[in-house]
Structures are given as structure tokens and as C-alpha cells.
Amino acid sequence: MRDYESMVLISPDLNPEEAKGVIEDLKRMITSAGGEVVRVEEWGLRDLAYPIKKKTKAYYFLLYFRAKAGFTAEYERNLELREDVLRYLTLRLEDGIPPAKGEEKACSTSTG
7 MRDYESMVLI SPDLNPEEAK GVIEDLKRMI TSAGGEVVRV EEWGLRDLAY PIKKKTKAYY
67 FLLYFRAKAG FTAEYERNLE LREDVLRYLT LRLEDGIPPA KGEEKACSTS TG
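Per this note's numbering, the sequence shown starts with residue 7, numbered consecutively.
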């Protein structure tokens with residue numbers, strides 16, 4: 007199993023619940039292929055740096071998951087066929103999945 011990070015931009019034409027439904031579909035796809043969704047970060051509706059498909063905003067979602075090596079081709083094909091997905095980028099993580107912001111270890115400071 008390999009670790010992956012996938013940023014998905016979803017059309018602002020959907021309401022927030024429908025956008026979350028798209029992510030739920032992707033999570034089901036990952037788990038049905040024997041993968042594991044580690045974490046999903048919802049960044050909300052944000053402005054785009056430039057228009058994509060005549061849209062100036064998008065819902066941003068960041069997924070961290072583990073899957074078999076050949077899975078990403080099928081995953082990205084599914085994203086490409088969805089009209090509600092404006093853009094996506096999936097990267098293989100060499101150093102594993104980073105901890106969530108709340109899981110980071112606090113650095114110790116000593117005074118003396």
C-alpha cells in the first residue's frame with residue numbers, strides 16, 4: 007500500500023452538502039478498491055487564482071489515503087469524468103502521511 011495526497015476542487019454550483027457528497031463518493035471508491043481513507047480536510051469555498059471552466063470559486067478538499075499502486079489511474083479517470091470536479095492533483099507521498107494539525111507534537115522549550 008502506498009500513501010497518497012489528493013487535492014480536489016469542486017464546482018461552486020453545488021451546495022456544501024452536495025460537495026461533501028462528491029467526496030463521500032470518492033471515499034467509497036477508495037475503500038471498495040481495498041484502500042483506506044486516512045483523513046479528509048475540508049477547506050471550504052475559496053477564490054481561485056484564475057478562472058477554471060468559467061468559475062472563480064471552488065470547494066477545496068484535501069484527501070489523504072492509502073491504496074494499491076495501480077489504483078490512482080482508475081481514481082483519476084473517475085475524477086476526470088465527473089463534471090462537478092473542476093480540477094484535481096494526486097501525489098504519492100514518499101515520507102508517509104503527515105499528522106493532522108492537532109496531532110503535531112509540541113516542541114519542548116527549556117529555560118535555564
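Ideal Cβ placement from N, Cα and C applies to all residues, glycine included. Since this is a predicted model, take the numbers as computed values, not measurements.
Task: DSSP-derived helix/strand/coil call for P18 - done: coil
Open item on the list: Out of M7, P104, S12 and N21, which one is the CA nearest neighbour of K63?
Closed with: N21
Task: C-alpha distance - S17 paired with Y56, whole-angstrom precision - done: 14 Å
Task: Among R52, D9 and M35, the one whose alpha carbon lies nearest that of E82 - done: M35
TODO: Could you tell me which residues DSSP pairs with L51 in its beta bridges?
DONE: Y65
- [ ] Please check the pair F71 and E42, which I expect to be a contact at CB under 8 Å, by giving their CB distance rounded to whole angstroms.
- [x] 6 Å
Open item on the list: Going by DSSP in three states, M7 sits in which element: helix, strand or coil?
Closed with: coil
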